[in-house]
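Sequential numbering of the sequence shown, starting at 25, is according to my numbering. Heads up, the beta-carbon is just placed ideally off N, CA and C, and yes, glycines get one too. So the structure is just underneath, and the comments pick up after that.
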Amino acid sequence: MDLYLASASPRRRELLAQLGVTFERITAPVDETPLLDEDPHGYVLRLARAKAQAGWLAVLAQERDPRPVLAADTTVVLDGGILGKPDDAGHAHAMLKRLSGSTHVVLTALAVAEQDRVETVLSESRVTFAVLTDAQIAAYVASGEPLDKAGAYGIQGRAGLFVTRLDGSYTGVMGLPLYETAALLARYGLGALA
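Have a look at this one:
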């Protein structure tokens, strides 16, 4: 095994497998509440770093084989504000209504922790949505797909139909930008770019 992945996301597991590294999932819960006046870039980098460090501490506490811990965090930013995961269907509907017909930013931060070393990278993409009808939003929310995703949508699912333009990394919007992940892992001697 090459590393640990501190993420419960099935999308991140699928994407990481594409890089040809072997990994095991590890639990590393952290409080995802934004700090007062925290900007979105600082927020997403702080969470990725905190998750990787929590994962490393879990490796040590569980006396597992010491390997680097990869963690990621994704957030959607609209008009400078952070759109995290929706609390419920009504909240998801409100988020999608705000995203309708506009361009937003998706930030995915990655961090790798090993001993006292933590390195981070940030992927930034711009996504433009078509104007959505209330019926389209309601049908998407009813599918249940948006309820566990930042910004209340998953580009790899049904919400891909809403996207009229993407500038940046498709896999970054999914939650694990492949190029940036491979480059970060190479710093640790792992993966195809090492």
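K173: buried (16+ other C-beta within 10 angstroms of its C-beta) or exposed?
In the sequence shown, the residue the question calls residue 173 occupies position 149. Using a 10 angstroms sphere on the CB of K173, the tally of other CB atoms reaches 16 or more, which defines it as buried.
Could you give the distance in angstroms between the alpha-carbon of P90 and the alpha-carbon of A137?
Within the sequence shown, residue 90 is the residue found at index 66, counting from 1. Within the sequence shown, residue 137 is the residue found at index 113, counting from 1. Going by the C-alpha atoms only, they are around 11 Å apart.
In whole angstroms, give me the CA-to-CA distance for L29 and I50.
Along the sequence shown, one-based indexing puts residue 29 at 5. Along the sequence shown, one-based indexing puts residue 50 at 26. If you take the alpha carbons of L29 and I50, they lie about 6 Å apart.
Just to check my reading of the structure: E204 and S147 have Cβ atoms closer than 8 Å, yes? What is that Cβ distance to the nearest angstrom?
Translated into positions along the sequence shown, residue 204 becomes position 180. Translated into positions along the sequence shown, residue 147 becomes position 123. Yes, they are in contact, since the Cβ atoms of E204 and S147 sit about 5 Å apart, within 8 Å.
Looking at C-beta atoms only, is the number of pairs between the region 64-75 and the region 150-160 that lie closer than 8 Å three or more?
no
In terms of DSSP beta bridges, what is Y19 paired with?
This structure cannot speak to residue 19, because the chain is shown only from 25 to 218.
Just the Cα atoms here: how many angstroms apart are Y67 and A52?
Indexing the sequence shown from 1 puts residue 67 at position 43. Indexing the sequence shown from 1 puts residue 52 at position 28. Each residue's Cα considered, the two are about 17 Å apart.
Output the boundary residues of the beta strand (DSSP E) element that contains G188.
As a first step, residue 188 must be located in the sequence shown, where it is residue number 164. Before going on, a small fix: residue 188 reads as Thr here, not Gly. From DSSP, the beta strand (DSSP E) with T188 extends over 187-191.
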